[in-house]
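Report on the structure given below.
Protein chains: 2
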Amino acid sequence: MTARTTSRRTGEAEFLAEYDPADFDRPSVTVDVVALTIRAGQLSVLLVKRGAHPFKGSWALPGGFVAMEEDLDDAAGRELAEETGLDRLPAGTHLEQLATYGRPDRDPRTRVITVAYVIFAADLPEPVAGTDAASARWWPVADLGLDLGYGDVEDAPSLAFDHAQIIRDGVERTRSKLEYSTLATAFVPSPFTIPELRRVYEATWAATSEEMDASNFRRKVLAVDDWLVEAEGTADSTGGRPARLYVAGGATRIVPPLERPRE
Amino acid sequence: MTARTTSRRTGEAEFLAEYDPADFDRPSVTVDVVALTIRAGQLSVLLVKRGAHPFKGSWALPGGFVAMEEDLDDAAGRELAEETGLDRLPAGTHLEQLATYGRPDRDPRTRVITVAYVIFAADLPEPVAGTDAASARWWPVADLGLDLGYGDVEDAPSLAFDHAQIIRDGVERTRSKLEYSTLATAFVPSPFTIPELRRVYEATWAATSEEMDASNFRRKVLAVDDWLVEAEGTADSTGGRPARLYVAGGATRIVPPLERPRE
DNA sequence: AAAATAGTGTCTCTCAGACAATATGTC
DNA sequence: GACATATTGTCTGAGAGACACTATTTT
Numbered sequence: 005m006t007a008r009t010t011s012r013r014t015g016e017a018e019f020l021a022e023y024d025p026a027d028f029d030r031p032s033v034t035v036d037v038v039a040l041t042i043r044a045g046q047l048s049v050l051l052v053k054r055g056a057h058p059f060k061g062s063w064a065l066p067g068g069f070v071a072m073e074e075d076l077d078d079a080a081g082r083e084l085a086e087e088t089g090l091d092r093l094p095a096g097t098h099l100e101q102l103a104t105y106g107r108p109d110r111d112p113r114t115r116v117i118t119v120a121y122v123i124f125a126a127d128l129p130e131p132v133a134g135t136d137a138a139s140a141r142w143w144p145v146a147d148l149g150l151d152l153g154y155g156d157v158e159d160a161p162s163l164a165f166d167h168a169q170i171i172r173d174g175v176e177r178t179r180s181k182l183e184y185s186t187l188a189t190a191f192v193p194s195p196f197t198i199p200e201l202r203r204v205y206e207a208t209w210a211a212t213s214e215e216m217d218a219s220n221f222r223r224k225v226l227a228v229d230d231w232l233v234e235a236e237g238t239a240d241s242t243g244g245r246p247a248r249l250y251v252a253g254g255a256t257r258i259v260p261p262l263e264r265p266r267e
Numbered sequence: 005m006t007a008r009t010t011s012r013r014t015g016e017a018e019f020l021a022e023y024d025p026a027d028f029d030r031p032s033v034t035v036d037v038v039a040l041t042i043r044a045g046q047l048s049v050l051l052v053k054r055g056a057h058p059f060k061g062s063w064a065l066p067g068g069f070v071a072m073e074e075d076l077d078d079a080a081g082r083e084l085a086e087e088t089g090l091d092r093l094p095a096g097t098h099l100e101q102l103a104t105y106g107r108p109d110r111d112p113r114t115r116v117i118t119v120a121y122v123i124f125a126a127d128l129p130e131p132v133a134g135t136d137a138a139s140a141r142w143w144p145v146a147d148l149g150l151d152l153g154y155g156d157v158e159d160a161p162s163l164a165f166d167h168a169q170i171i172r173d174g175v176e177r178t179r180s181k182l183e184y185s186t187l188a189t190a191f192v193p194s195p196f197t198i199p200e201l202r203r204v205y206e207a208t209w210a211a212t213s214e215e216m217d218a219s220n221f222r223r224k225v226l227a228v229d230d231w232l233v234e235a236e237g238t239a240d241s242t243g244g245r246p247a248r249l250y251v252a253g254g255a256t257r258i259v260p261p262l263e264r265p266r267e
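Chains as they are written, first to last, in my numbering: chain A, 5 to 267; chain P, 5 to 267.
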């Protein structure tokens with residue numbers, strides 16, 4: 005089998021526009037990022053509105069091609085940084101690989117295999133619109149009409165490619181990781197309070213449990229060795245007794261796990 | 005950037021031999037398979053001895069290039085079937101994606117991104133040597149000298165590429181999956197006995213717990229709804245009271261989980 | 001003082017681990 | 001019978017969920 009590539013790659017938008025499946029005899033590789041944060045008490049994901057075909061006008065995960073000498077993790081971080089206009093992601097941001105999606109027909113143009121990442125961060129700025137995207141914004145995952153236990157949704161946006169599945173998998177990974185890892189602290193700016201941390205769990209697990217018992221939550225997180233390290237002072241009052249401040253210690257694993265309520 | 009591929013792809017061995025990094029401007033994509041089974045009471049992985057450079061003489065995971073119109077899962081199943089000389093994998097075999105490894109220098113020839121899979125199976129035959137492999141065999145993972153809690157090993161084989169890391173990740177995934185999923189039954193031929201199932205756990209978790217309490221194990225697996233369905237008859241005696249036979253029911257999740265002992 | 005939120009203490013029930021006792025096969 | 005293995009039964013301690021109560025702030 006012989007194949008030729010003749011694309012002049014000056015930028016992602018141009019590259020996509022010039023795409024011709026006949027040019028290639030092997031898959032292209034991209035990274036896509038499920039960037040999650042808590043905004044207004046809701047677990048939210050960053051999506052960009054597509055300005056070009058295919059799926060023009062649909063919403064997609066930020067992502068793009070992996071450069072030839074670039075590590076996959078670096079590519080994921082770079083894509084999110086570009087989309088949010090940051091030089092680099094804030095300290096404490098967590099990045100992990102989710103899965104790789106490679107169904108032959110997932111992109112109508114040609115074979116594209118995408119390595120998906122999940123990123124947890126606090127305080128990411130509003131996204132900046134890139135050259136290849138009409139607009140970008142944070143979407144509460146509850147509003148996406150995915151089958152994540154939030155119930156029916158009016159006016160759910162149309163999602164491009166197989167990104168609905170990727171987001172679903174990313175949310176499920178997040179829900180499950182909060183049970184046995186200390187990553188909830190990646191969602192809050194430091195220092196933080198225990199009630200803030202509890203609201204991370206409530207937002208992430210919202211579909212299965214409306215509210216957690218504050219006292220049991222406190223008992224369990226404080227029982228984890230070297231997770232919550234007491235800091236100086238208290239948070240500003242929000243109408244009641246101000247909460248003590250903590251910073252994250254070195255613990256990575258919650259043992260015994262903080263299990264979600266089973267239905 | 006312009007690039008040309010001129011390889012005539014007549015087979016994997018020839019393809020590898022003709023590899024010239026200058027031919028390509030994008031990564032190649034392969035699948036690698038961590039095929040696990042219990043042999044002689046030990047968790048074992050299928051490895052092939054490399055007959056060509058690089059890493060000639062080292063042991064590697066079975067794997068190969070993803071065909072242009074082939075789904076990733078299918079490619080992984082195909083690679084294992086080829087290596088074991090089967091038309092298709094036995095019923096009950098479990099296949100799941102592990103992770104994707106894409107460090108730019110992980111293959112000294114050119115950029116190769118590999119999607120790794122874990123496969124759990126009972127009763128896979130001895131492997132057949134392929135054209136590209138001098139030989140192939142099942143290796144107890146305890147003998148590989150990985151840092152998996154088995155202690156030091158004499159004469160550990162040299163492992164190719166980053167396959168030591170991939171195997172480590174695959175074993176860790178397996179250990180963890182047995183806690184909350186019913187996949188242990190994928191390791192035993194059906195019908196099976198509860199002691200057989202227990203030995204799957206013992207082999208997989210061997211590094212952390214020598215023996216499990218048979219009565220507690222029995223109580224917990226039988227408490228899982230629709231996992232163990234009683235079958236007719238008993239197993240042949242192995243010197244004591246014969247064990248009852250069961251087949252796997254529809255359950256996929258163990259709740260509450262069967263936790264490994266924490267150190 | 002009333003309301004709101006944070007933090008402490010206590011009770012109960014479930015369940016995992018330890019282990020004793022019984023059942024059923026082979027030698 | 002002795003022995004080996006499977007199966008059943010019992011006890012105990014740790015921990016999760018429920019919830020009553022106290023503490024500290026704003027209004």
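Virtual Cβ for every residue (Gly too), placed ideally from N, Cα, C.
- Beta-bridge pairing by DSSP links Gln46 (chain P) to P:Arg43.
- Neighbourhood of Glu183 (chain A) in chain P, by CB distance below 9 Å: empty, with the nearest CB roughly 10 Å away.
- If you draw a straight line from the Cα of Lys224 (chain P) to the Cα of Met216 (chain A), it comes to about 28 Å.
- When secondary structure is reduced to three states using DSSP, Val122 (chain P) falls in the strand class.
- When DSSP assignments are scanned along the segment 194 to 218 of chain P, the uninterrupted stretches of alpha helix (DSSP H) that are 4 or more residues long and fall wholly within it turn out to be 198 to 208.
- For Gly55 (chain P), no beta strand (DSSP E) run applies, since DSSP gives it neither H nor E.
- Residue environment for Leu226 (chain A): exposed (fewer than 16 other C-beta atoms within 10 angstroms of its C-beta).
- The segment 129 to 173 of chain A is shown to contain whole beta strand (DSSP E) runs of 3 or more residues at 137 to 144, in chain order.
- Relative to the Cα of Asn220 (chain A), the nearest Cα in the group A:Leu232, A:Thr97, A:Arg202 and A:Leu182 belongs to A:Arg202.
- The Cβ of Pro112 (chain A) sits no closer than 9 Å to any Cβ of chain P.
- Chain order gives the chain A residues near Asp75 (chain P) as Gly106, Arg107 and Pro108, where near means a beta carbon separation below 8 Å.
- When only Cα atoms are considered, Val132 (chain A) and Asp127 (chain P) end up about 55 Å apart.
- Look at Arg257 (chain A) here: in three-state DSSP terms it is strand.
- If you ignore the 5 residues before and after Ser48 (chain A), its C-beta comes within less than 8 Å of the C-beta of Leu40, Thr41, Ile42, Trp142, Trp143, Pro144 and Val145, all in its own chain and listed in chain order.
- The DSSP-derived three-state label of Gly81 (chain P) is helix.
- Around the CB of Pro246 (chain P), fewer than 16 other CB atoms lie within 10 Å, so the residue is classed as exposed.
- No Cβ of chain P is located within less than 9 Å of the beta carbon of Ala211 (chain A).
- When rounded, the separation of the alpha-carbon atoms in Gly61 (chain A) and Ala120 (chain A) is 22 Å.
- The residues Pro112, in chain order, have a CB closer than 6 Å to that of Pro58 (chain P) in the same chain once the five nearest residues on each side in sequence are set aside.
- The Cβ of Val175 (chain A) sits no closer than 9 Å to any Cβ of chain P.
- Close to Val49 (chain P), with beta-carbon spacing below 9 Å, lies no residue of chain A; the smallest spacing is near 21 Å.
- When P:Gly68, P:Leu163 and P:Ile123 are compared, the shortest CA-CA separation from Gly174 (chain P) is found for P:Ile123.
- Below 8 Å, enough C-beta pairs join the segment 29 to 37 of chain A and the segment 66 to 84 of chain A to call them touching: three or more.
- Under DSSP, Gly67 (chain A) forms a beta bridge with A:Asp36.
- Listed along chain P, the residues sitting closer than 7 Å to Ala103 (chain A) by beta-carbon distance are Gln101.
- With respect to chain A, the C-beta atom of Ile117 (chain P) has a partner C-beta closer than 9 Å.
- Straight-line spacing of the CA atoms in Gly237 (chain P) and Ala252 (chain P) works out to 15 Å.
- Bridge partners of Glu234 (chain A) according to DSSP: A:Tyr250.
- Taking the C-beta atoms as reference points, Thr197 (chain A) is found no nearer than 9 Å to Trp231 (chain A).
- In the structure shown, Ala95 (chain A) falls within a coil segment according to DSSP collapsed to helix, strand and coil.
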